[in-house]
């Protein structure tokens, strides 16, 4: 498929259903229908939320965990946003304050409805795909979202003349991952890998962001450990007691900043970036630190142990998914536990968020604030210095 720029239009060769080639003319955002310059599409302002930086971005998955941060940072730099939503509009309308009046537009869409997708990307020069699932439901399996959905978005964006496509993937995605907790390879990891390949096939100049476990407000990483569904009272089961897993979590605001920086830099086309935090930690040390921050240390009764010696834990996971199959309480399901047990492996030579100009946030600077609402005896007013500040876990050597 080839595209050439004409006066005020893009001409793109596309294949019709019968196999013949045709030419699809797509309007450039900077020209009106009669060919005259569209003054509304030119950069203006001083660079804040009331400005326009020349980027019209469609953010799929805008109402999700990462999407809310991305929309806020896009609006802060004067980006006009088209925000497709599948939920109730009242769950999406909070994003309206990300930009000034007229900067944020909403449109309903469905991942299987190509017409609604084309409508959402019609006037955009940047499309960001943050759509993903942590668990399967009766309506959407991993393949439906991570592979078929990503391929459909990338293909339609290419056909509509979108200049940039940014896709959020998973750091440990693999075509044949080794099962750790599950009895068979993780479909989450496989579908994330196949989704990357599908995006590259349909949109060869796409930018891929491979993220490790992402933490922040309303996340499913820190709050999974803090949840009462994850622990047995005061006992925490972990894969091999947490001694065989090394994690490199990344702060959600850093991931969002990396995506925004990639959207503004044309040199990030065709690139793959690893979104990982600045330090690597042994899972056992990291979880111990989490519970100390929540004032739930050994004196409180906290203990961790190898989950393979607990016959009740699998029954608990099954019960939670039986009670609430659409949204597992505490994010307690086997795919989540499989990712929790997976060591984050970075590839040498693949750029990271620091190559996108992001100043990474250290866990010891952010996690204490995130876990503060989960402290034991939350309503106890402690004296200054009554509780010692827990020492952060010791960083592990890097693999890259």
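In the UniProt record's numbering, the protein residues as written are 1 to 400. The beta-carbon is built from N, C-alpha and C at its ideal position, and this holds for glycine as well.
C-alpha distance - residue i paired with residue j, whole-angstrom precision
i: residue 230; j: residue 352; result: 32 Å
i: residue 370; j: residue 254; result: 15 Å
i: residue 74; j: residue 164; result: 15 Å
i: residue 359; j: residue 311; result: 44 Å
i: residue 350; j: residue 272; result: 7 Å
i: residue 196; j: residue 205; result: 12 Å
i: residue 104; j: residue 150; result: 23 Å
i: residue 242; j: residue 285; result: 8 Å
i: residue 218; j: residue 275; result: 19 Å
i: residue 32; j: residue 123; result: Unreliable positioning characterises residue 32 in this predicted model, as indicated by a pLDDT of 47, which lies under 50. A coordinate reading is not provided.
i: residue 108; j: residue 91; result: 12 Å
i: residue 64; j: residue 49; result: 21 Å
i: residue 112; j: residue 84; result: 13 Å
i: residue 331; j: residue 223; result: 9 Å
i: residue 60; j: residue 106; result: 11 Å
i: residue 340; j: residue 66; result: 19 Å
i: residue 53; j: residue 46; result: 9 Å
i: residue 211; j: residue 325; result: 26 Å
i: residue 313; j: residue 373; result: 26 Å
i: residue 363; j: residue 115; result: 42 Å
i: residue 97; j: residue 336; result: 33 Å
i: residue 283; j: residue 396; result: 10 Å
i: residue 76; j: residue 44; result: 14 Å
i: residue 297; j: residue 261; result: 40 Å
i: residue 267; j: residue 233; result: 51 Å
i: residue 301; j: residue 126; result: 51 Å
i: residue 145; j: residue 153; result: 10 Å
i: residue 173; j: residue 194; result: 9 Å
i: residue 201; j: residue 343; result: 28 Å
i: residue 386; j: residue 366; result: 21 Å
i: residue 279; j: residue 168; result: 21 Å
i: residue 51; j: residue 81; result: 12 Å
i: residue 58; j: residue 256; result: 15 Å
i: residue 99; j: residue 72; result: 8 Å
i: residue 79; j: residue 305; result: 48 Å
i: residue 228; j: residue 361; result: 27 Å
i: residue 56; j: residue 119; result: 14 Å
Status (buried if at least 16 other CB within 10 Å, exposed otherwise) for residue i
i: residue 139; result: exposed
i: residue 383; result: exposed
i: residue 2; result: Low per-residue confidence applies at residue 2: pLDDT is 39, beneath 50, and the placement is therefore not dependable enough to give any value.
i: residue 137; result: exposed
i: residue 235; result: exposed
i: residue 378; result: exposed
i: residue 42; result: exposed
i: residue 101; result: exposed
i: residue 381; result: exposed
i: residue 68; result: buried
i: residue 239; result: buried
i: residue 179; result: exposed
i: residue 203; result: buried
i: residue 7; result: Model confidence at residue 7 stands at a pLDDT of 34, short of 50, so the residue's coordinates are unreliable and nothing is read from them.
CB of residue i within 8 Å of CB of residue j, strictly
i: residue 328; j: residue 135; result: yes
i: residue 368; j: residue 293; result: yes
i: residue 307; j: residue 237; result: yes
i: residue 157; j: residue 121; result: yes
i: residue 407; j: residue 70; result: There is simply no residue 407 to check, as the chain begins at 1 and stops at 400 in what is shown.
i: residue 213; j: residue 189; result: no
i: residue 166; j: residue 263; result: yes
i: residue 215; j: residue 251; result: yes
i: residue 221; j: residue 191; result: no
i: residue 269; j: residue 375; result: no
i: residue 209; j: residue 258; result: yes
i: residue 110; j: residue 86; result: yes
i: residue 345; j: residue 334; result: no
i: residue 198; j: residue 147; result: yes
Any non-hydrogen atom of the ligand FAD closer than 7 Å to residue i Cβ
i: residue 54; result: This structure does not include the ligand FAD; it has no bound ligands of any sort.
Residue-level contact to chain D via CB, residue i, 8 Å cutoff
i: residue 90; result: No chain D appears in the structure shown, which is made up of a single protein chain.
Please determine if the segment 177-186 and the segment 344-361 are in contact, where contact requires at least 3 C-beta pairs separated by less than 8 Å. A contact is defined here as three or more CB-CB pairs under 8 Å, and the segment 177-186 fails this definition with respect to the segment 344-361.
Can you confirm whether the segment 385-392 touches the segment 285-294 when touching is taken to mean that 3 or more C-beta pairs between the two stretches lie within less than 8 Å? A contact exists between the segment 285-294 and the segment 385-392.
Just list the alpha helix (DSSP H) runs in the segment 174-235, keeping only unbroken ones of 4 residues or longer that don't cross its boundaries, in chain order. DSSP runs (the alpha helix (DSSP H)) wholly in the segment 174-235: 187-202, 222-226.
Length-filtered (3 minimum) beta strand (DSSP E) runs lying within the segment 294-354: Whole beta strand (DSSP E) segments, 3+ residues: 303-306.
Which complete beta strand (DSSP E) runs does the segment 123-172 hold, if anything under 3 residues is left out? Entirely contained in the segment 123-172, the beta strand (DSSP E) runs reaching 3 residues are, in chain order, 126-129, 164-170.
4-residue-minimum alpha helix (DSSP H) runs that sit fully inside the segment 63-99, ordered along the chain: Here the runs fully enclosed are 65-76, 89-92.
What are the start and end residues of each continuous beta strand (DSSP E) run of 3 or more residues lying completely inside the segment 234-258, in chain order? Within the segment 234-258, the complete beta strand (DSSP E) runs of at least 3 residues fall at 235-238.
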